[in-house]
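Engineer: Here the numbering used here is used: the first residue of the first sequence is 509, the next is one more, and so on.
Note that beta-carbon positions come from the ideal geometry of N, C-alpha and C, so glycine has one too.
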Amino acid sequence: MFKLIKKSNQSQARLGKLTTAHGVIDTPFFMPIATRAAVKGLIPEELENLGAQIILSNTYHLFLRPGLEIIKKSDGLHKFMHWEKPILTDSGGYQVFSLEKNRKIKDQGVEFQSEFDGKKIFLTPEKAVEIQKILGSDIMMVLDECAPYPASYDEASRAVIRTTNWAQSSRTAFDKIFKKNRVKPLIFGIIQGSIFKDLRLKSAKDLVKLNFDGYALGGFMVGEPIKDTFKMIKLVEAELPENKARYLMGAGKPEQIVQAVKAGIDMFDCVIPTRNARHGLLYVMTNNKSLMTEKNFYQEIHITNSKYKDDIKPIDSHCECYTCQNFSRAYLRHLFMTNEPLGQRLTTIHNLYFYLNLMKNIREELKKE
RNA sequence: GGGUGGGUAGCAAAGUAGUCAAAUGCGGCAGACUGUAAAUCUGCUGGCUUCGGUCUUCGUAGGUGCAAAUCCUACCCCACCCA
């Protein structure tokens, strides 16, 4: 359940609390991604210390490997991966987009071809709910169709119709499966519609009727101009009930997250901090004044750049993460140049800390406002 | 001293007359990454350039030939084998 604590008087930003079966989460928040039941090289204790309140896992990938039997036997995903805080599970809707070559969309669901053995997997909205139940998800996402960009109006429209139908089926399946449960996971609907105003509006309105626990804005950050992204966010935000969490799926860069918080978004997830960390792109805070008003509050550095060869400063001199407390740019660069996996682990720690700390600072700033 | 193989860009290694400023790999430089099939991918890596070219390069020095990294001669170096 989402509880709105405070609304900013300078923007649409909100402070809130999201209660799940595994604990209460302060919003706005960022979820590190654990697609395959692990956050790239980090142990759960480290994640917690970095400030992670919740992580994201993936229905499709876990269904393929290790498979549901193993997770059942382990008594759910939390125990399996030793993470006792909340887990949000994505439905596989994004894989409709990212694994475009290996899937076929039908009205009843999506047929994927397994990358491991070529086996065909037919994922329906009902099955996505069932799988997420077995995983032990705290926040389930409905199966949706994430259309690529650019998409024609007709394509986008068809994707919205299917997504809405699937949301209906998911809702029904969910209510049936959890009829007798006192403690239930949350279930979120996903709004689609590419960058077409009327489609986004219709998608939002139809989903709100289904009374989900939260509403996700999907199908963004797939190549569309960021201006359009925010136009759509503003449009959709106005349609959403105040007492439900809003989740901008797959976003984003730090300044985009701040901007989205100001547009009324409560939840985020993104591969950027972890993937970029592994690729040597690191975040440095350049201003400790107001995140909510300053535009350029950070800088990116490529740790492999030759200019860091003899730079014995930490990544970010003001950062309090384990990496910055103990290691220099020169050392991290050396680890990267020599392909030492430790380099990736240390930079992942830093970038995740940067993101999680960013969210914490946003919350504190909103509190003080 | 005799024999054999070899000397190609930062390194390794193809190429053995024209389509060669020279494959490929490594190294080096820079960039991208947004609900993760990503410890991945892309570009550049002799000089100059008005980006059309142009100049200098394949151990060194000569030579043949319209044309040479590629053929010939001499020399210098390296590796291994025999004395």
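Evaluate contact between the stretch 575-595 and the stretch 535-550, counting only Cβ atoms and requiring at least three cross-stretch pairs below 8 Å.
Structural biologist: Result yes; three or more Cβ-Cβ pairs closer than 8 Å.
Engineer: Assign Pro849 to one of two classes, buried (16 or more other C-beta atoms within 10 Å of its C-beta) or exposed (fewer than that).
Structural biologist: It counts as exposed.
Engineer: Taking the alpha carbon of Leu854 as the reference point, which residue from Gly788, Ile820, Thr794 and Lys868 has its own alpha carbon closest?
Structural biologist: Gly788
Engineer: Are Ile698 and Val769 close, meaning C-beta to C-beta below 7 Å?
Structural biologist: no
Engineer: Out of Ala724, Asn751, Asp662 and Thr535, which one is the CA nearest neighbour of Leu707?
Structural biologist: Asp662
Engineer: Considering only the beta carbon of each residue, do Ala675 and Gly727 sit closer than 7 Å?
Structural biologist: no
Engineer: Over what stretch of residues does the beta strand (DSSP E) that includes Glu848 continue unbroken?
Structural biologist: Premise fails: Glu848 is in no beta strand (DSSP E) and is neither H nor E.
Engineer: Would you call the CB atoms of Phe571 and Lys752 closer than 7 Å?
Structural biologist: no
Engineer: According to DSSP, is Asp534 part of a helix, a strand, or is it coil?
Structural biologist: Asp534: strand per DSSP, three-state reduction.
Engineer: How is Thr737 classed by DSSP in three states: helix, strand or coil?
Structural biologist: Here Thr737 sits in helix by DSSP.
Engineer: In the DSSP assignment, what residue or residues form a beta bridge with Met539?
Structural biologist: Asp777
Engineer: Under the assumption that Thr672 contacts Asp714 (Cβ atoms under 8 Å), give the Cβ distance between them as a whole number of angstroms.
Structural biologist: Rounded to the nearest angstrom, the Cβ distance from Thr672 to Asp714 is 5 Å, consistent with a contact under 8 Å.
Engineer: What residue from Asp683, Leu694 and Ala712 has the CA that sits closest to Asp646's CA?
Structural biologist: Leu694
Engineer: Let's test the definition: count the other Cβ atoms within 10 Å of the Cβ of Gln833 and tell me whether it reaches 16, buried, or not, exposed.
Structural biologist: exposed
Engineer: Hey, out of Lys868, Ser711 and Phe605, whose CA is closest to Gly731's CA?
Structural biologist: Phe605
Engineer: Output the distance between the C-alpha atoms of Ala771 and Leu756, rounded to the nearest integer angstrom.
Structural biologist: 11 Å
Engineer: Are the CB atoms of Lys614 and Gln621 within a distance shorter than 7 Å?
Structural biologist: The Cβ-Cβ distance between Gln621 and Lys614 does not fall below 7 Å.
Engineer: Only counting the same chain, and skipping five residues up and downstream in sequence, which positions put a Cβ closer than 8 Å to that of Arg786?
Structural biologist: Lys548, Gln852, Thr855 and Thr856
Engineer: Taking the continuous alpha helix (DSSP H) assigned at Arg666, which residues delimit it?
Structural biologist: Tyr661 to Ile685
Engineer: Between which two residues does the beta strand (DSSP E) containing Met648 stretch?
Structural biologist: Ile647 to Met649
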